[in-house]
Each structure stands twice: as C-alpha cells, then as structure tokens.
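First comes the structure, then the notes that go with it.
There are 2 protein chains.
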Amino acid sequence: MSIAGRITAQDVAKLAGVSQSAVSRVFTPGASVAPKTAAKVRAAAKTLGYRPNSLARAMITGKSRIIGLVVAYLDNQFYPVAIEKLSHALQAKGYHVLLFMASNDPGEMDRLMDDLLAYQVDGIITASVAISNDVTRRCADAGIPLVMFNRGQPGSGLSSVTSANALGGRKVAEFLLAGGHQRIAHISGWQGASTGRDRARGLIEGLAEAGLAPHAMIDGMFNRDKAAAAARELMDSPDPTDAIFVGNDHMAFAVIDSLRAMGLRVPQDVSVVGYDDVPMAAWGAYDLTTVRQPLVRMVDATVETLLAQIDDPARGAQAVEIDAPLILRGSARLPEEGT
Amino acid sequence: MSIAGRITAQDVAKLAGVSQSAVSRVFTPGASVAPKTAAKVRAAAKTLGYRPNSLARAMITGKSRIIGLVVAYLDNQFYPVAIEKLSHALQAKGYHVLLFMASNDPGEMDRLMDDLLAYQVDGIITASVAISNDVTRRCADAGIPLVMFNRGQPGSGLSSVTSANALGGRKVAEFLLAGGHQRIAHISGWQGASTGRDRARGLIEGLAEAGLAPHAMIDGMFNRDKAAAAARELMDSPDPTDAIFVGNDHMAFAVIDSLRAMGLRVPQDVSVVGYDDVPMAAWGAYDLTTVRQPLVRMVDATVETLLAQIDDPARGAQAVEIDAPLILRGSARLPEEGT
DNA sequence: AGCTTTTGTGCATACGTTTGCAAATCAGCT
DNA sequence: AGCTGATTTGCAAACGTATGCACAAAAGCT
Numbered sequence: 089m090s091i092a093g094r095i096t097a098q099d100v101a102k103l104a105g106v107s108q109s110a111v112s113r114v115f116t117p118g119a120s121v122a123p124k125t126a127a128k129v130r131a132a133a134k135t136l137g138y139r140p141n142s143l144a145r146a147m148i149t150g151k152s153r154i155i156g157l158v159v160a161y162l163d164n165q166f167y168p169v170a171i172e173k174l175s176h177a178l179q180a181k182g183y184h185v186l187l188f189m190a191s192n193d194p195g196e197m198d199r200l201m202d203d204l205l206a207y208q209v210d211g212i213i214t215a216s217v218a219i220s221n222d223v224t225r226r227c228a229d230a231g232i233p234l235v236m237f238n239r240g241q242p243g244s245g246l247s248s249v250t251s252a253n254a255l256g257g258r259k260v261a262e263f264l265l266a267g268g269h270q271r272i273a274h275i276s277g278w279q280g281a282s283t284g285r286d287r288a289r290g291l292i293e294g295l296a297e298a299g300l301a302p303h304a305m306i307d308g309m310f311n312r313d314k315a316a317a318a319a320r321e322l323m324d325s326p327d328p329t330d331a332i333f334v335g336n337d338h339m340a341f342a343v344i345d346s347l348r349a350m351g352l353r354v355p356q357d358v359s360v361v362g363y364d365d366v367p368m369a370a371w372g373a374y375d376l377t378t379v380r381q382p383l384v385r386m387v388d389a390t391v392e393t394l395l396a397q398i399d400d401p402a403r404g405a406q407a408v409e410i411d412a413p414l415i416l417r418g419s420a421r422l423p424e425e426g427t
Numbered sequence: 089m090s091i092a093g094r095i096t097a098q099d100v101a102k103l104a105g106v107s108q109s110a111v112s113r114v115f116t117p118g119a120s121v122a123p124k125t126a127a128k129v130r131a132a133a134k135t136l137g138y139r140p141n142s143l144a145r146a147m148i149t150g151k152s153r154i155i156g157l158v159v160a161y162l163d164n165q166f167y168p169v170a171i172e173k174l175s176h177a178l179q180a181k182g183y184h185v186l187l188f189m190a191s192n193d194p195g196e197m198d199r200l201m202d203d204l205l206a207y208q209v210d211g212i213i214t215a216s217v218a219i220s221n222d223v224t225r226r227c228a229d230a231g232i233p234l235v236m237f238n239r240g241q242p243g244s245g246l247s248s249v250t251s252a253n254a255l256g257g258r259k260v261a262e263f264l265l266a267g268g269h270q271r272i273a274h275i276s277g278w279q280g281a282s283t284g285r286d287r288a289r290g291l292i293e294g295l296a297e298a299g300l301a302p303h304a305m306i307d308g309m310f311n312r313d314k315a316a317a318a319a320r321e322l323m324d325s326p327d328p329t330d331a332i333f334v335g336n337d338h339m340a341f342a343v344i345d346s347l348r349a350m351g352l353r354v355p356q357d358v359s360v361v362g363y364d365d366v367p368m369a370a371w372g373a374y375d376l377t378t379v380r381q382p383l384v385r386m387v388d389a390t391v392e393t394l395l396a397q398i399d400d401p402a403r404g405a406q407a408v409e410i411d412a413p414l415i416l417r418g419s420a421r422l423p424e425e426g427t
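Order-wise, the sequence lines are chains A and B.
Residues 89 to 427, numbered by this note's numbering, are exactly what the first sequence covers, in order.
Residues 89 to 427, numbered by this note's numbering, are exactly what the second sequence covers, in order.
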C-alpha cells in the first residue's frame, strides 16, 4: 500500500529480501535470474505497485525509447489519421511519441530541435515540415535518425517515405485524358515541397506523352483559401477548364465547394480529382475521385525504416516510395466503356 | 566541434574553466551566478553545442515537464484541432506532450497508465476516453493531476473541462421550436459519456418547457455509421421527423449525407443541427448549423487547471463549464423574422 | 582599514536505474 | 566426498544533472 512518493527498486528489494540489482534484472528481459527469486520480486512489486522509472533507465542505457514526432498542421485530415496510425505502430514496438507542433516558419524547427535533443529522443519523424540543412547536420552530429513522412528532401541524405507521387500524377493525366478531357488544369500542392512538385511533374509528363500541356498551373500551397481562389480564377476565364487535378484532397474539397458556389456541377461541368484519399473523400457530400496514399503501408515503412536506423546507426538513409492507386468515385467523368 | 557522443555539463565546465555546478546554475533560471562566468559558460556551451539533458534534470528535480495526452480517436476533426491547440499551449508553458492513443477498451487505459507512470509525467490530459476508478486511484496515489477534456465524470473527484452541454442542448431545443418544428428527434452522442448525456438532457428539458417531448431518441454512439442508420430509420418511419439534433458534428455530416442519399433536402425537408462547430461545419458542402464549443477557451482552461494542480497538489479538482453559442448556418430552417 | 553583509563558487551527494565483475551457490559428475 | 562448470547474486560504479552546505570573494558601511 503506497501512501505517497515514488516506489523504487530499493523498496521492492527490501520487501522481497533481495538486492536492488536482482529487482532490476527481473524487469530486464534478457537478464539472468532464478525463477524462484523472480517470483518473489514480482509479488513484492505487485503489492507495492512498482514500475521501473523509464527516465532513470534511459539515462543509464542511453536509449529513451522516445520518438519525436513533428507535425505542422492538423487540419488536413491526412495527418491526424497518420499520427494515429504512427502512434499505434510505435506503441506496439515499445516506443513512445513525444509530439511537437511546428509552424512552417523555418526558425521554428530549429527551436524544436533543441527540445528534441534535450529529451534524448531515439529518433525523429517529421510530417510535412521543412528541414533546414542546419537541422540535418545537428541530427547527424547527435547521431539521431530522422525519417520524413510524406515528403522528401532530394540530396539531403535523409530517409523519407512517400507515395509514388510522380507516378500518381501520371495516372491522373491518363485517366482524365481517357475521359475525354481537353483542358486539364492543375491546382498544385506547394511547390516548395517535393510532394507538391512530384505530383505536378507527373501530371505534366503524362500529358506530354499525349502531346498536351496543362491548361493552367496554379500553386495552391496546400491551402484551402488559395485553392478556392484558384478554382474561381480558372472558371471565370474566357476559356474555362474542363478538369482540375488538385494537389491534395484537403484543397480539392475547397475547390468543389467553390465550384458549386459558382453554380457549376461536378463532374458534369468540370471534373475534379484529388490526392490522398482521406476518409472524408468517400463521404457523400464530395464523393471524390482521388489517388490513394496507402497510409498503413506508408506508416509501416516509416517505423521500419526508423527503427532499422536506430538499431544500426551505420545504415544509410533510404527513400521509400509506395505505389498509389487511383480510386474512382463520382467527382470526375469516367472514360467510355470499352476504351 | 562535437565528433560524437553526448556533450555533458562536465565538458562545458572544463572548457569554460569552471565547475560543473556553475554550468548547471547558468541553465537554471533562478540560480545565483555572476554575469561574467555566465558569459564564459554560455560561450563554451555554444561552441560545444551543449543543451542540458532533460531526462537527468527530471530525475533530480522530480519534475519531467512532460504531460501525458491520451486520445481515443482522431477521425472526428474536433480532436486533432484540440490536440494542436493543446500542444501549442503546453509548449508555450515549457511543457511537452507525450501522446498516447487509446482504444475505448477499458483495459487499454489501465495499460497506458503503466507507461504514463513509468515516464514520470507531471500531469495527464484525457480527451474523450473513459476512466476507470482504478485509474483514478492510481493517479491519486502517484499524486499525478488529471484533467478530462470534453468529458466529465461526475462524482469521480476528477477535474474536467467541457462546454455547457446541457445548456447547449436547451438552446437547440428553443431554436428549433422557434423555427416551427413539431417533431424534433435526437441522434444522441454516446449515452455512456457525460457529454452525450448532458446534450440529450438539455434538449429534453428545453422541449419539456414547451410541453413537448422528443419525437425520437436514438443513441448514435458518436459513430458515423450508427448515425446514418438512425437517420434512415427516422425518415423511413410513417411519421418522419422534421428536425434532427445530432450529438456532434462528426455524426451530423453522416446524417446529412444519408438524408441526401434518400433524396431529401436539408433544410427544406428536414433541419439538421450539430454540436462542436468543427472547421468543416463551415464548409460549403454542409453549411451546418451547430453549437460551437469554444476550443481556445476550453484549451486554455484545461492547461490552466492542470498546471494549477501541478503547482499546488493540495488544490482540489474543479469542473469547468464554458458557454457554447449556437451558430446559425444553412442546415436548419430559421425562425420567422420578428418573433 | 576593519568590520559586516551580500554574492558567487566548488565540493560532494542524491536521483533510480543498468551492468561488469567477482563471489557464492547449485547441480552434475566420477 | 570432491571437483568442475554453469548459474545466480550482490557490490559498486556509472549516467548527467540539481542543490545544500561551507567557504571564498566582493561589496557596503562607518
């Protein structure tokens, strides 16, 4: 019965009539301890309600079993769901998640790095946040593996996990062309991010193979308001588009809202295709045709890559790309049968 | 230039020509240290890239400056946004967030408690997750403050921050009555949660004052599928309702999707009112009339309550309720002018 | 200058663990 | 019984910091 104050391994040792080391060994998986004493210790621990202090353990072993997770925005549904899955996956591996919110202010990440290092995290996952070279260097210096989730940084020597964004853009191009669209515009993801650039490039390449070019390209910055404005601009023009590929679902919803507010029908007047396949894309109000980022596989690849790098610091960075299938729904006109 | 390995206060001390204690004092806000030596130490720290080890600091002070944040689901947009704000608010106060995902399996929370205690968190915030008496007791034993966000546990002696849910339900009742609705149904939040019960009770009381009773009550369990099924059931009946108050926005969206799929128009055929006012409620596709939970004020109250309890463990629990205004949009028929 | 009061510093201990090492116990043999 | 080898155990030293205590240095005063 613990009145107050922390219960330590000493207390348990005293009650069980063994040394403190013995207690430690009982709670250390690989250690050598006789079944009989283990039983005594476990009994004592249970009555006192003892749990080893993870912080003290981290000090001595040099492994905190904490992963720093840095996220910029949570209003795009893709990220909450990703966090949920990442967190579950890491919990299952015995790691814990220290959550950091970063604005996209570049200085912000540097400040967060201080906290991350101070808490001796074993590894870092960043989701949709820009990494300066300084941050990269400090991670390398401290020997802390970092994996970028859903964003790459070519030439940075950092691991990343993304979907096959360029290929995804290509698939959209082919699909829209097959559907008979002539004037295909792109409201892109932020061109400062690999994710945004690659999707745009894929679309352009896909159209080029048919001898076409995008009817228009506008940087939507992954921002709803920007995307909505872009949609209005595209349709107000004397030569409006007949299909819009939007850089992610989050913007695509804003685009559809905006089109409907203009009295246009989707997909009769204009087709819309998104990217991500967040749960909301399947909801009746949008029924969005989109490219699915296979979240579970991306999450699995992320923790696998990160843990591999933690276990073997000599292992180099790797950039994983996961195939992203096109999901057909009602927001884009379908190709004719038998094409 | 750090080649590898952690830089400790010892290293800095050596370089600066002072004792390790001096270095510690420079990084401890209230401590007594001469400006001159502070400067020397800071310089040495900067060239070595030194940051105090938070884990070691936590060991000695007994304060980890870590808050455990336990969340059940992230698919309801209310919670991601809440997490974002909570995290920012805590970061601003020098705390950090250890994130735990809990299923609503009651045993799950007990297991998480082990981890929370092992990491010596200074406090716990739970968002929409059930707390067993056992968990309550263990927190009390360990002297760890806990505040429940967006859920209360009457008689548990636990702090909580919610909106004024019952009053909110009342407001909806009055508003729908004023709008001339006769058959008002409720697809409630989970009746196992105070939040769901209080909103339902408010509606019932509000209708009772006008001598009415709900036309129907169905427990939607905060679940989209359940809510959609409930909506179909309500409208398929020989005596369909003319207004549905839904226990939260997340379910309300499913209800609207479901109604539209039946060929019904919102609000011409049936009015829908939600609860939360998540960002999505303002989007064109739903334009949902709803009760706004003032997120910023709830978050502020939560961290204020928690930190007050951390600073003064003797302070008792308190249940904060924050007024929740009704936000009028297009999903519910408005009362006549001049009523 | 001599005294007292304030301020700054170093020494040493403590926080709660893990783990190498050596001593001690135990089991398995002849 | 005596020896060998394997297993279990306790001792003590770490990990990197904060902090009480004693003392040194500086500052304030008449």
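By construction, the Cβ of each residue, glycine as well, lies at the ideal position given by its N, Cα and C atoms.
In terms of beta-carbon proximity, A/D357 stays away from the interface with chain B, with every pair separated by 8 angstroms or more. For a Cβ distance threshold of 8 angstroms, nothing in chain B lies close to A/N311: the least Cβ distance comes to about 13 angstroms.
Between the alpha carbons of A/D222 and B/G362 lies a gap of roughly 47 angstroms. Chain-order list of chain B residues neighbouring A/V169: L162, D163, by C-beta distance under 8 angstroms.
Counting C-beta pairs closer than 8 angstroms gives three or more between the stretch 289-306 of chain B and the stretch 258-273 of chain B, which meets the contact rule. B/F333 has its alpha-carbon roughly 36 angstroms from the corresponding atom of A/G308.
Scanning the stretch 148-213 of chain A for uninterrupted beta strand (DSSP E) segments of 3 residues or longer gives 154-159, 184-189, listed from N- to C-terminal end. Below 8 angstroms, enough C-beta pairs join the stretch 237-252 of chain A and the stretch 385-392 of chain A to call them touching: three or more. At least one beta carbon of chain A lies nearer than 8 angstroms to the beta carbon of B/P367.
When DSSP states are grouped into helix, strand and coil, B/D307 belongs to the strand group. Here the C-alpha atom of B/K151 lies approximately 25 angstroms from the C-alpha atom of B/V129.
In the DSSP assignment, A/M236 is bridged to A/T214, A/S248. Residue pairing from DSSP places B/A407 in a beta bridge opposite B/S248. Around the Cβ of B/I148, a 10 Å sphere holds fewer than 16 other Cβ atoms; the residue is exposed.
The C-beta of A/R385 comes no closer than 8 angstroms to any C-beta of chain B.
For B/F166, the CB contacts under 6 angstroms within the same chain, skipping 5 residues up- and downstream, are D364, V366 in chain order.
Contact annotation: B/I415 and B/R380 have beta-carbon atoms nearer than 8 angstroms.
Put simply, the stretch 187-205 of chain B does not touch the stretch 115-130 of chain A. Fewer than three CB pairs are less than 8 angstroms apart.
Identification of residues in the stretch 119-147 of chain B having a C-beta nearer than 9 angstroms to some C-beta of chain A yields G137, R139, P140, N141, S142, L143, A144, R145, A146, M147, given in sequence order. In the three-state scheme derived from DSSP, where H, G and I count as helix and E and B as strand, B/G256 is classed as helix.
Under the DSSP assignment, B/R380 falls in the beta strand (DSSP E) whose first and last residues are 377-380. Contact annotation: in the stretch 202-214 of chain A, residues whose CB is within less than 9 angstroms of a CB in chain B are D202, D203, L205, A206, Y207, Q208. Going by C-alpha positions, B/T214 is about 28 angstroms away from A/L394.
Chain A places a beta carbon closer than 8 angstroms to that of B/Q179, counting this residue as a contact. Taking all protein chains in view, the Cβ of A/D337 is crowded by 16 or more other Cβ atoms within 10 Å, so the residue is classified as buried. In this structure A/Y374 is in contact with B/A373, their Cβ atoms being roughly 6 angstroms apart against a cut-off of 8 angstroms. Against chain B, the CB of A/S112 has no partner CB under 8 angstroms away; the residue lies outside that interface.
In the structure shown, the three-state DSSP call for A/A331 is strand.
For B/V185, the nearest beta carbon of chain A is closer than 8 angstroms to its own beta carbon.
Interface with chain B (8 angstroms Cβ-Cβ cutoff): A/H338 is excluded. Around the beta-carbon of A/G245, fewer than 16 other beta-carbon atoms lie within 10 Å, marking it exposed. Where B/G118 is concerned, there is no enclosing beta strand (DSSP E), because DSSP gives it neither an H nor an E. Classified as buried, B/T329 has 16 or more neighbouring CB atoms from the shown chains inside 10 Å of its CB. Contact between the stretch 310-322 of chain B and the stretch 338-355 of chain B is present: 3 or more CB-CB pairs across the two stretches fall below 8 angstroms. By the neighbour-count definition (other C-beta atoms within 10 Å, threshold 16), B/R353 is an exposed residue.
When secondary structure is reduced to three states using DSSP, B/H274 falls in the strand class.
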